[in-house]
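A.B. asks: Following this message is one structure expressed as structure tokens.
Numbering (the numbering used here), first residue to last: 1 to 282.
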């Protein structure tokens, strides 16, 4: 059974499924999105040379049948939750036990057509449209608190903790595209570095972190950030602490050999990593 749950920027949610009051009648746009094939052409060349393929934003069209005794209140709630002025919200798509998510904005606020075939005493048809600027569906992000003092913890799709005796792990990204990382470096550590030995890329922090200090790094192209969190909770943007040869790498599709080290004894230090797998369609 398929079900969608939309949560707006105010935290208000609405569930549309196969049960009353909001019954999902039609959902379009979950598969492949449009593409823009990048090519170049030289003088006198037959055809063109391939450069890249870019994915367009993802449109989603939804039709709903509202069934219940208080149709007006259900309409009012739908209009409130799908308010275009609230910016991006989160759409969750359930198909059986599988869950995928995507951030999207309201492109067309709910419309409630008239006519006997569209409304009655206890039913009302409705339609609305969403637009996802980033076309990728994602898996849920799993973040787990360490249950002991680990060196390396990977909050993946299953429990795994790496203690002080190990500092290396193979991560398998079986999504459709390279996955951005969210990294937390905890002290004590001197110039901590995390490497992807598969690609040769690394992220190094030129800084000594105290025991009660940590850093947050996000490698998402749309949200690249490097933040230092002091022992008193103060957050500072410290992009300049990143080594100039570093790259905000992602987990490539397939195996990723990830390693953590520092210029000091790393026993007692913690690195948390989380990510979402990306899918071009579901």
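We treat Cβ as the ideally placed atom computed from N, Cα and C, and that holds for glycine.
(1) Are the Cβ atoms of residue 180 and residue 220 separated by less than 9 Å?
(2) Based on the DSSP secondary-structure assignment, which residues constitute the bridge partners of residue 59?
(3) Inspect the beta-carbon positions of residue 129 and residue 62 and report whether they are closer than 9 Å.
(4) Which residues bound the alpha helix (DSSP H) around residue 77?
(5) Which same chain residues, not among the five before or five after residue 26, have their C-beta less than 6 Å away from its C-beta?
(6) If you measure between the beta carbons of residue 182 and residue 93, is that distance less than 9 Å?
(7) Going by DSSP, what residue range makes up the beta strand (DSSP E) through residue 106?
(8) Where do the ends of the beta strand (DSSP E) carrying residue 89 lie?
(9) Using the Cβ count rule (16 or more neighbours within 10 Å means buried), how would you classify residue 204?
(10) Going by DSSP, which residues form a beta bridge with residue 248?
(11) Answer yes or no: do residue 119 and residue 67 have a C-beta to C-beta separation smaller than 9 Å?
(12) Give the C-beta separation of residue 33 and residue 56 to the nearest angstrom, bearing in mind that I take them to be a contact with Cβ-Cβ under 8 Å.
(13) Tell me which residues share the same chain as residue 31 and place their Cβ nearer than 6 Å to its Cβ, disregarding the 5 neighbours each side in the sequence.
(14) Within the continuous beta strand (DSSP E) that includes residue 260, where are the two ends?
(15) Just checking residue 34 against the ligand NAD - is the residue's beta carbon closer than 8 Å to any of the ligand's heavy atoms?
(16) If you compare alpha carbons, which of 12, 215 and 2 is closest to residue 98?
C.D. replies: On the basis of the coordinates in this document:
(1) yes
(2) 131
(3) yes
(4) 71-81
(5) 63
(6) no
(7) 98-111
(8) 89-95
(9) buried
(10) Per DSSP, none; premise fails for residue 248.
(11) no
(12) 5 Å
(13) 281
(14) 254-261
(15) By its list of ligands, the structure shown contains no ligand whatsoever, and the ligand NAD lies outside what it can speak to.
(16) 2
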